[in-house]
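**Student:** Structure below; questions to follow.
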Amino acid sequence: MTDTPAPRHIPDRLDKPLSSAIFSWEALLVIIAILIFAVNSFASPYFLDPWSLSDLTFNFTEKGLIALAMALLIISGEIDLSVAAIVALASTMMGMALQAGAGTPVLVAIGIIVGLGCGAFNGLLVTRLGLPSIVVTIGTMSLFRGIAFIILGDQAYKGYPESFAFFGQGYVWWVFSFELALFLVAALIYWFILHRTSFGRRVFAIGNNPVACQFSGVRVDRIKFTLFCLTGLMSGIASVLITSRLGSTRPSIAQGYELEAITMVVLGGVSILGGAGSILGVVLAAFIMGLVTFGLGLLNVPGIVMSIFIGLLLIIVIALPIVWRRLREGRFA
Amino acid sequence: MKSFLKNREIWLLAGIVVLIGLISTRFPGFADPANLRQVFNDTSILMILALGQMAVILTRSIDLSMASNLCFTGMVVAMLNAAHPAIPIPVLIVVALAVGLALGAINGLLVWRLNIPSIVVTLGTLTIYRGATFVISGGAWVNADQMSPDFINFQRAAFLGLPVLSWIAIAVIALFFLVMTRTAIGRSIYAIGVNPTASIYAGIDVGRTKFIVFCISGMIGGLAGYLWISRYVIASVEVANGYELNIIAACVIGGISIAGGIGSVGGAVLGALFLGIISNALPVINISPFWQMAISGSAIILAVVLNARGERRQGRIILRKAEAV
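Sequence lines, in order, name chains A and B.
Each residue of the first sequence is one higher than the one before, counting from 5 in this note's numbering.
Each residue of the second sequence is one higher than the one before, counting from 321 in this note's numbering.
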């Protein structure tokens with residue numbers, strides 16, 4: 005009789021000792037978030053009010069939504085610098101529709117469809133023509149925002165309907181805004197996609213070795229195209245939220261958001277070289293950036309000085325584990 | 321003849337000539353030597369910056385902090401001039417170079433010693449340097465009436481028919497040409513971009529070369545800081561905001577491959593000139609300046625598409641076929 009061997013269990017990753025969970029990137033981010041939270045609540049008496057904390061979330065939810073999709077894109081080894089320009093173009097298109105007498109449902113649909121279309125355009129250029137995404141999206145960044153400038157010039161669209169204001173200013177329950185609820189739901193969906201589906205595994209695989217993936221039967225181009233579409237879609241959704249919150253459209257809307265979204269992704273532990281990262285990290289990074297900007301805002305620190313802290317945070321958080329590892333190995337040059 | 325036609329710079333030059341021709345049909349005075357000299361002078365700062373960025377991109381890195389460096393160094397020089405008008409301009413230029421070098425060295429050290437990808441480092445220093453400008457200036461502006469006449473007029477002085485600014489650009493172009501084509505460091509920069517692993521075996525210190533490249537782009541940023549402030553005679557936190565992407569755009573249009581190793585001094589100069597001609601031409605042919613952004617965006621995409629077709633023939637055929645499945 006031949007023994008039928010029990011099916012071998014091949015784990016996704018090796019079991020790690022508890023210490024590695026404590027020293028994980030997410031744990032580091034949690035500690036930083038708690039520190040900033042503690043410092044903030046001592047520094048300003050207004051910080052621990054539920055409504056202040058609720059206002060805090062508006063600082064990062066829109067960029068955070070973009071960062072979720074951007075995380076997947078960066079893990080797959082690509083990047084999209086045109087997200088803020090997509091926000092501007094989608095917002096401008098919504099403004100045009102408003103002038104033509106469109107109602108709230110149509111406005112939302114237009115914002116999302118324009119975002120999706122722009123993302124698909126990026127995706128086509130990168131996958132069909134095999135161009136480097138960083139350059140393509142620098143180009144489309146100028147193109148998309150340029151179209152917004154051609155349409156609007158130095159004008160602005162105003163007078164969005166009352167019902168449209170809900171998306172950026174409404175509350176779902178008590179102090180929980182619609183924006184925050186949407187961000188949390190989206191984070192859950194993206195967590196599921198990236199960490200619990202074969203699609204997510206393929207995204208990681210592509211980031212690590214696109215050529216090997218191609219040989220293994222993964223449709224690399226199709227997945228990358230999908231990721232660009234997702235990033236465009238999230239930018240379109242963010243555009244609806246921002247336009248609704250501000251109640252007006254200018255072509256300079258969301259200027260600089262692309263770098264803040266990428267900062268969130270990198271701060272969240274996603275490797276800029278692709279192949280590694282987690283949604284939990286990105287969500288934590290979004291909260292940290294919101295905490296820092298809001299806390300410093302309560303202390304009347306000007307926005308430009310806050311950006312120093314964000315920049316320092318980015319470099320220090322990336323450098324810390326490297327310096328720590330070298331110190332332990334005793335070969336710090 | 322075939323290699324002549326394959327030369328990217330020739331095509332770009334032809335494109336620029338056609339562009340000038342097209343503009344001349346709408347505005348006959350555009351091709352005048354006097355006007356072209358003006359366009360060259362207007363584009364000088366962008367050309368200098370594009371050369372610094374080119375050196376970085378050739379090594380497979382990127383420097384997003386150049387415009388912030390320009391802003392910070394410009395503010396330092398302007399405040400120094402406002403406080404001590406007696407300091408001669410050459411000393412101020414040395415100060416600008418030194419401050420820019422220091423900021424570039426910070427980028428370079430982080431890339432070299434800690435091995436952090438350059439896009440992350442310079443994304444961080446992009447916000448830090450601009451924030452630091454706010455800190456040293458307290459948010460205040462330095463206006464034209466606070467600057468000494470020498471400070472403002474130095475680059476405008478005519479010398480052999482061209483303003484000093486143009487001569488500085490020509491000198492920087494010549495220097496870069498010599499360094500990139502005639503020195504060991506120039507060869508190392510190209511080698512690292514083409515194949516970093518092979519470069520290590522060839523005895524090139526990849527990290528140190530990257531450090532040097534960031535020092536170069538930092539010094540260029542500093543020099544451009546003084547030139548920018550004395551040209552537009554206002555120093556504020558908003559100076560050159562977002563300009564880092566224009567610099568990269570000039571490089572991309574000039575045929576410098578973002579994947580490293582491919583590109584030339586002539587390409588960077590012509591790429592900058594292309595953008596400069598567009599921004600100079602739009603007002604005179606009565607197109608709203610709001611069109612400029614979309615036009616340069618389209619130019620970038622077109623340039624990448626054309627360049628990619630030229631590059632694709634190189635590299636390993638086996639892999640290319642595999643990827644095309």
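Glycine is no exception: its CB is placed at the ideal position from the N, C-alpha and C atoms.
#1: How would you list, in chain order, the residues of chain A whose beta-carbon sits under 7 Å from the beta-carbon of Ile439/B?
#2: Within a Cβ cutoff of 6 Å, which residues of the same chain sit near Thr393/B, ignoring the five residues on either side of it in sequence?
#3: Nearest-angstrom Cα distance between Leu412/B and Ala406/B?
#4: For Ala323/A, which residues in chain B fall below 8 Å Cβ to Cβ?
#5: Go ahead and label Asn627/B buried or exposed: buried means 16 or more other beta carbons lie within 10 angstroms of its beta carbon, across all protein chains shown.
#6: Comparing the C-beta of Gly279/A with each C-beta of chain B, is any distance below 9 Å?
#7: List, in order along the chain, the chain B residues whose C-beta lies closer than 8 Å to that of Ser256/A?
#8: Taking 9 Å as the CB-CB limit, is Gln612/B close to chain A?
#9: Would you kindly report the start and end of the unbroken beta strand (DSSP E) that includes Trp177/A?
#10: Could you pull the start and end residues of the alpha helix (DSSP H) that Pro325/A belongs to?
#11: Helix, strand or coil: which one does DSSP assign to Thr253/A?
#12: Using a Cβ-Cβ cutoff of 9 Å, what residues of the segment 445-459 of chain B are near chain A? List them in chain order.
#13: Do you know how far the Cα of Asn213/A is from the Cα of Leu639/B?
#14: Can you list, in chain order, the stretches of the alpha helix (DSSP H) that have 4 or more residues and sit fully within the segment 401-445 of chain B?
#15: May I have a chain-ordered list of the alpha helix (DSSP H) segments no shorter than 4 residues that lie completely inside the segment 39-85 of chain A?
#16: Any C-beta of chain B sitting closer than 9 Å to the C-beta of Val416/A?
#17: Please list, in chain order, all residues of the same chain as Ile456/B whose beta carbon is under 6 Å from its beta carbon, the five residues on each side excluded.
#18: For Leu366/B, I'd like the list of residues in its chain whose CB is within less than 8 Å of its CB, leaving aside the five on either flank, ordered along the chain.
#19: Could you say if the segment 75-82 of chain A and the segment 44-59 of chain A meet the contact criterion of at least three C-beta pairs nearer than 8 Å?
#20: I'd like to know if Ser608/B contacts chain A, where contact means its C-beta is closer than 9 Å to some C-beta of that chain.
#21: Is Val274/A helix, strand or coil by DSSP?
#22: Going along chain D, which residues have a C-beta under 9 Å from Ile210/A?
#23: Suppose the cutoff is 8 Å on Cβ atoms and the five residues either side in sequence are ignored; what does the same chain contact list for Phe148/A look like?
#24: Do Leu378/B and Ile439/B count as a contact pair if the criterion is CB distance below 9 Å?
#25: Considering only residues of the same chain and omitting the five flanking positions on each side of Val431/B, which have a CB-CB separation below 6 Å?
#26: Could you pull the start and end residues of the alpha helix (DSSP H) that Met467/B belongs to?
#27: For the segment 33-45 of chain A and the segment 278-293 of chain A, state whether three or more C-beta atom pairs, one from each stretch, are separated by less than 8 Å.
#28: Are the segment 188-200 of chain A and the segment 129-140 of chain A in contact at 8 Å, needing three or more beta carbon pairs?
#29: For Val222/A, does the three-state DSSP call read helix, strand or coil?
#30: Would Thr235/A pass as a contact of Gly115/A if the rule is Cβ separation under 9 Å?
#31: Using a Cβ cut-off of 9 Å, pull out every chain B residue sitting near Ile154/A, in sequence order please.
#32: Check the Cβ-Cβ distances between Ala601/B and every residue of chain A, and say whether any is below 9 Å.
#33: Say whether chain A places a C-beta atom closer than 9 Å to the C-beta of Val625/B.
#34: Let me check one thing: in DSSP terms, what residues is Pro483/B bridge-paired to?
#35: Closest to Cys391/B by C-alpha separation, out of Ser344/B, Thr445/B, Phe360/B, Val414/B, would be which residue?
#36: Is Ile83/A buried or exposed, if buried means 16 or more other CB atoms sit within 10 Å of its CB?
**Tutor:** By the coordinates alone:
#1: Ile276
#2: Ala416, Val419, Gly420, Gly542, Gly545
#3: 11 Å
#4: Leu430, Leu434, Ile436
#5: buried
#6: no
#7: Correct list: empty, because the minimum Cβ distance to chain B is about 10 Å.
#8: yes
#9: 175-177
#10: 307-333
#11: strand
#12: Thr445, Leu446, Thr447, Ile448, Tyr449, Arg450, Gly451, Ala452, Thr453, Phe454, Val455, Gly459
#13: Summary for Leu639/B: the model assigns pLDDT 44, below 50, so the residue's position carries little reliability; its value from the coordinates is reported in the next sentence. Approximately 12 Å between the Cα atoms of the pair.
#14: 409-433
#15: 54-61, 65-79
#16: Outside the modelled stretch of chain A, which goes from 5 to 337, sits residue 416/A, for which no answer is possible.
#17: none
#18: Asn566, Ile567, Ala570, Ala592, Leu595, Gly596
#19: no
#20: yes
#21: coil
#22: You won't find chain D in this structure, because its protein chains are A and B.
#23: Ser86, Ala89, Ile90, Ala92, Leu93, Cys122
#24: no
#25: Ser438, Val441, Lys530
#26: Per DSSP, Met467/B belongs to no alpha helix (DSSP H) and is neither H nor E.
#27: yes
#28: no
#29: coil
#30: no
#31: Ser608, Phe610, Trp611, Met613, Ala614
#32: no
#33: yes
#34: Ala478/B
#35: Thr445/B
#36: buried
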